[in-house]
Amino acid sequence: MANDADIKNKTAKEEGGILETIKVVVQALLIALVIRTLLFQPFNIPSGSLIPTLLIGDYLFVSKYTYGYSKHSIPFSPPLFSGRVWAAEPKRGDIAVFKLPSDNSTDYIKRVIGLPGDRIQMIDGILHINNVPVKRERIADYVTTDNWGRNASVIRYRETLPNGVSHEIIEREGDTGTFDNTAVFLVPAGHFFMMGDNRDNSLDSRDRSVGYVPFENFVGRAEIIFFSIEDGASAWRIWEWPSTVRWSRLFSAIK
Numbered sequence: 001m002a003n004d005a006d007i008k009n010k011t012a013k014e015e016g017g018i019l020e021t022i023k024v025v026v027q028a029l030l031i032a033l034v035i036r037t038l039l040f041q042p043f044n045i046p047s048g049s050l051i052p053t054l055l056i057g058d059y060l061f062v063s064k065y066t067y068g069y070s071k072h073s074i075p076f077s078p079p080l081f082s083g084r085v086w087a088a089e090p091k092r093g094d095i096a097v098f099k100l101p102s103d104n105s106t107d108y109i110k111r112v113i114g115l116p117g118d119r120i121q122m123i124d125g126i127l128h129i130n131n132v133p134v135k136r137e138r139i140a141d142y143v144t145t146d147n148w149g150r151n152a153s154v155i156r157y158r159e160t161l162p163n164g165v166s167h168e169i170i171e172r173e174g175d176t177g178t179f180d181n182t183a184v185f186l187v188p189a190g191h192f193f194m195m196g197d198n199r200d201n202s203l204d205s206r207d208r209s210v211g212y213v214p215f216e217n218f219v220g221r222a223e224i225i226f227f228s229i230e231d232g233a234s235a236w237r238i239w240e241w242p243s244t245v246r247w248s249r250l251f252s253a254i255k
């Protein structure tokens, strides 16, 4: 009888331990879901459209609360409600993640250039906002790679937007790229005009496949790079980190 009682007690303790472990795992998942939905979401940069600001292989946190919340703040964008709650509009110069308007599911990341009602135009590579050319100053060339993976120096400018936000841009094709001369874009109410800092290699609002981005499609603002690894390297190969991690970029604020 004593042995039976011991066995039952042992079994009960094991079951209790399993249940406690399940509870801890469920609680951890719920906490992670709340943080991801309401506070911060990690993203990685798969393309070079924001070079030199963001590089392929950068991993960053996006603040979900900065612009308020829409259905796109929730994983898989369930149609629970329309519009935004606790809304705060993006500011010119913000780097933001948004859902591509054409499918409302693909994540894009670009810089906010045009606000609702703005007139945006590119003339000979110079950005014009409301018919006024944006100040840009040429600085040292930027070394990147060409289409064949070879090192190449490209023209770099420091561009200063009307609200004082200053950032770097590059012009791979000088001022004669595909989108260096455009018609005037009149940004509709409730929409924003997005562009990449790699002006000749960015699919953005200058192209009709992206177009104007509805406020509802914004996911959040890029805040900080928490990890960065060289293009082509694998983050899971920890033993290669000493030579592949871009240590100087870790925990740097995004501007």
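The sequence shown begins at 1 in the numbering used here and counts up by one. Where a beta carbon is used, it is the ideal one built from N, C-alpha and C, also for glycine.
Could you tell me how far apart the beta carbons of residue i and residue j are, in whole angstroms, since I believe they sit closer than 8 angstroms?
i      : j      : result
Ile225 : Tyr67  : Not a contact, Cβ separation roughly 20 angstroms.
Asn198 : Ile170 : 6 angstroms
Leu100 : Val134 : Wrong, their Cβ atoms sit about 25 angstroms apart, outside the cutoff.
Asn201 : Arg92  : Not a contact, Cβ separation roughly 22 angstroms.
Could you tell me the boundaries of the alpha helix (DSSP H) in which residue i lies?
i      : result
Thr244 : Trp241 to Thr244
Please go through the same chain and pick out, in chain order, the residues whose beta-carbon is closer than 6 angstroms to the beta-carbon of residue i, but skip the five residues on each side of it.
i      : result
Phe215 : Gly190
Ala2   : At Ala2 the pLDDT is 48, less than 50, meaning the model places this residue with poor confidence; the figure from the coordinates comes in the next sentence. Correct list: empty, nothing qualifies.
Asp204 : Lys110, Met194, Met195, Gly196 and Val210
Val184 : Arg119 and Gln121
Pro75  : none
Within the same chain, show all residues whose beta-carbon is closer than 7 angstroms to that of residue i, passing over the 5 residues directly before and after it, in chain order.
i      : result
Glu240 : Ala233
Leu38  : Lys64 and Tyr65
Val85  : Gly68 and Tyr69
Asp141 : Ser153, Val154, Ile155 and Arg156
Asp118 : Ile129, Asn130, Val187 and Phe193
Thr244 : Ile229, Glu230 and Ala233
Phe81  : Lys71
Pro79  : Lys71
Could you check where the beta strand (DSSP E) with residue i kicks off and where it finishes?
i      : result
Ile74  : Counting along the chain, Ile74 falls outside any beta strand (DSSP E), and DSSP gives it neither H nor E.
Ala235 : First-last for Ala235: undefined, no H or E at that position.
Ala96  : Ile95 to Lys99
Ile109 : Asp107 to Gly114
Pro42  : Phe40 to Asn44
Ala120 : Residue 120 is actually Ile in this sequence, not Ala. Segment Arg119 to Ile123, the beta strand (DSSP E) holding Ile120.
Arg221 : Phe218 to Ser228
Ser47  : Run containing Ser47: none; DSSP gives neither H nor E here.
I'd like to check one pair, residue j with residue i: are the Cβ atoms closer than 9 angstroms?
i      : j      : result
Val26  : Leu115 : no
Phe251 : Asp207 : no
Arg158 : Ser166 : yes
Arg237 : Ala96  : no
Glu223 : Val112 : no
Thr317 : Ile254 : Shown here, the chain extends from 1 to 255; a query on residue 317 therefore has no answer.
Ser73  : Val219 : yes
Phe43  : Asp107 : yes
Beta-carbon within less than 8 angstroms of residue i's beta-carbon, same chain only, minus the 5 sequence neighbours each way: which residues are those?
i      : result
Leu55  : Ile45, Gly48, Ser228, Asp231, Arg246 and Arg249
Gly83  : Ser70 and Glu216
Gly177 : Gly125, Glu171, Arg199 and Asp200
Val132 : Pro162
Ala87  : Tyr67, Gly68 and Phe215
Does the beta carbon of residue i fall short of 8 angstroms from some heavy atom of the ligand NAD?
i      : result
Gly174 : No copy of the ligand NAD occurs in the structure displayed, which carries no ligand at all.
(message) Below 8 angstroms, how does it come out for the segment 203-215 and the segment 142-160: are there three or more Cβ pairs, yes or no?
(response) The segment 203-215 is not in contact with the segment 142-160.
(message) Pairs of beta-carbons, one from the segment 125-133 and one from the segment 170-180, closer than 8 angstroms: are there three or more?
(response) yes
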